[in-house]
Amino acid sequence: MITRTFSAAVNGIDAQVVEIEVSNFAAPNSAQESSISIVGLPDTAVKESKERLISAFCSSGFTPPRNFSVVNLAPADLRKEGASFDLGIALAILGANDCVKSRHLLFAGAIGELALDGKIRPVKGALPVADCLSKIPGLRALLVPKENAAEAALAAHGNLKVYAVESLKQAVDFINTGNLTPVPAPDFDFANSCGTDDFADVKGQFTAKRALEIAAAGGHNVLMVGSPGTGKSMLAKRFAGILPPMTREEILETSRIHSVLGLLSGNQPILKNRPFRSPHHTTSDIGLIGGGHDPRPGEISLAHNGVLFMDEFPEFKRSVLEVLRQPLENGEITISRAAGNCTFPAKFMLCAAMNPCPCGRGSVALGCKCSANEKRKYQKRISGPMLDRIDIMIDVKQLTPAELLKAPSGESSEEIRKRVVAARLKQLKRFEGRKTNCNAAMSSRDLQDFCRLSLKCEQHLRNAIDMFKLSPRAYDRILKVARTVADLRGADDIDETALLEAISYRKSEFFSQE
């Protein structure tokens with residue numbers, strides 16, 4: 012007799028249905044001990060489940076199979092990884108040995124790692140697995156570890172109900188009797204908060220705050236240049252707090268990435284606030300963009316729909332910085348391996364910070380002794396094409412003694428966020444029916460339609476191109492920033508004031524562009 016049930020294999024940030032088949036038959040040689048054979052391209056963790064299963068059976072009061080059990084994980088050409096198949100395999104084997112009603116298994120799916128005592132441990136990727144198994148016609152129940160129940164219930168839809176189980180015995184009892192209450196879909200308030208870090212705590216730096224507000228309103232990348240201690244990191248940590256709240260779709264998409272890496276928990280089954288990732292400058296290119304033998308998302312995908320803060324920007328390896336260029340343009344990263352390709356979403360806002368020179372002081376007045384050649388070599392660590400993809404450059408100045416001694420006086424993150432949200436709503440209305448959702452993502456066609464300039468503005472832009480030797484990409488970035496400045500003011504057209512402010516963010520006084 013062949014017993015079947017369902018599970019799923021996580022591939023990238025998606026899941027693919029895996030049908031677990033078990034055939035139980037008598038050993039050809041009665042003196043030979045029983046065994047379990049797992050086929051279907053299992054990795055080491057899946058193969059090792061045999062020993063976990065035998066111990067879990069004994070600990071749960073079930074007699075281990077006396078005959079040979081062949082476990083097939085179909086499709087056979089899909090690589091199966093991890094211990095999440097333990098529970099499904101165990102139920103199918105018990106079904107083949109008449110300990111579980113095998114006909115009930117046809118309507119159930121299961122994920123979970125078995126402990127030696129029969130307890131069920133949490134696994135990674137419950138959210139995409141639940142979404143995947145919800146699409147199987149006739150599947151009514153998904154058994155998951157208790158710790159994964161909330162995120163699985165959030166993604167389950169259609170006729171599929173999620174049931175939290177803590178042990179193999181409890182899972183068997185449910186299959187036989189159906190005596191278990193389904194986990195309700197969590198009723199979360201999807202309105203994001205601004206977080207605990209507030210812009211009102213930042214002394215001075217009104218120009219930098221204004222630039223970050225523009226960046227948040229239009230989805231622009233930003234680079235802050237200033238000496239150590241001027242508040243660059245402090246500003247960056249508050250940047251994500253003024254971004255618009257995520258939509259339900261963005262929350263689920265972002266949570267899916269974190270679920271695959273096992274970063275969600277029963278207490279936090281979804282991400283409600285926009286992610287803020289801050290990798291160290293020693294991070295490798297694989298750590299940043301993702302990859303490995305079995306490709307996994309990297310920091311740029313963990314920052315999807317949020318902020319990627321790269322402090323000490325020139326200290327990152329040149330190869331690491333250059334791999335950012337494609338995702339900054341396309342909003343996704345494709346990892347190619349011999350076994351196939353994986354595409355991870357990576358629509359993030361880059362917020363970078365750097366010192367003006369190797370010593371960090373930046374000027375003779377502050378004690379800088381770096382030569383012009385040393386400064387140039389330091390700045391050249393960031394290539395021209397990389398700088399072209401940064402919309403706004405800010406000089407973060409040293410605070411004066413009066414500013415340091417004075418109490419913080421400025422707008423709160425909530426007040427700034429209201430203006431940002433109003434500007435984003437204006438953009439969504441403008442781009443209705445198009446793939447664009449913010450000014451930073453405007454296409455060439457969008458620029459022609461929504462960024463028309465007066466003759467006087469065109470002359471200002473020509474002068475800026477000649478003065479700063481701007482590339483065509485930098486020209487487009489200026490128009491996008493100008494459009495955002497106009498949106499924050501509630502203006503329908505880009506006027507001279509908006510354009511000149513956008514041009515002012517194109518060049519740092521510390522940077523020498525050739």
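Taking the numbering used here, the leading residue of the sequence shown gets 12, the next gets one more, and so forth.
From the three backbone atoms N, C-alpha and C, an ideal C-beta is built for every residue, glycine too.
Look at P396 here: in three-state DSSP terms it is helix. Taken atom to atom, the span from the alpha-carbon of E162 to that of G273 is near 11 Å. Considering only C468, D487, S266, V492, the residue with the shortest C-alpha distance to N284 is S266. For the set K391, V236, N159, the Cα lying nearest the Cα of G277 is the one of N159.
If you look at D25, you'll find it in the beta strand (DSSP E) that goes 25-36.
With a minimum length of 3 residues, the unbroken runs of beta strand (DSSP E) contained wholly in the region 330-418 fall at 343-348, 351-356, 360-365, 403-406. The bridge partners DSSP lists for S48 are V81.
The residue among K91, A164, A67 with its C-alpha nearest the C-alpha of P139 is A164. G129 and F68 have their C-alpha atoms spaced approximately 7 Å apart. DSSP places L481 outside any alpha helix (DSSP H), giving it a letter other than H or E. By the CB criterion at 9 Å, P290 and G301 fall outside the cutoff.
By the 16-neighbour rule on beta-carbons within 10 angstroms, K417 is exposed. For F17, the uninterrupted beta strand (DSSP E) run begins and ends at 13-22, by DSSP.
For G72, there is no enclosing alpha helix (DSSP H), since its DSSP letter is neither H nor E.
Taken through DSSP and simplified to helix, strand or coil, E507 comes out as helix. Residue A107 holds the alpha-carbon nearest to the alpha-carbon of N35 among A107, L84, D54, N83. For G230, no alpha helix (DSSP H) encloses it, and the DSSP letter there is neither H nor E. Of the candidates I253, A152, A196, the residue whose Cα lies closest to the Cα of S423 is I253.
The Cβ neighbour count for E62, taken over all protein chains shown within 10 Å, is under 16; the residue is labelled exposed. Relative to the Cα of L127, the nearest Cα in the group A141, A94, G136, V50 belongs to A94. DSSP, reduced to helix, strand and coil, places F327 outside both helices and strands of the structure shown, so it counts as coil.
Pairwise C-beta distances place the region 479-497 in contact with the region 434-452, as three or more of them are shorter than 8 Å. According to DSSP, residue pairing for I268 in a beta bridge does not occur. Distance from I505 to C462 at the Cβ level is roughly 6 Å; contact confirmed, criterion being Cβ atoms closer than 8 Å. The shortest CA-to-CA distance from A314 to any of P306, E261, A85 is the one to E261. Between the alpha carbons of Q409 and D296 lies a gap of roughly 33 Å. Inter-residue distance for E426 and V271 is about 35 Å (C-alpha atoms, whole angstroms).
Nearest to N170 by alpha-carbon distance, out of T188, E177, A196, is A196.
Here DSSP, grouped into helix, strand and coil, assigns R221 to helix.
As DSSP reads the structure, E124 sits in a beta bridge with R132.
Residue pairing of G301 in beta bridges, as defined by DSSP: P308. Residue burial annotation: V236 is buried, with at least 16 other C-beta atoms found within 10 angstroms of its C-beta.
Only buried fits R428, as 16 or more other CB atoms lie within 10 angstroms of its CB.
In the DSSP assignment, V140 falls within the unbroken alpha helix (DSSP H) covering 137-144.
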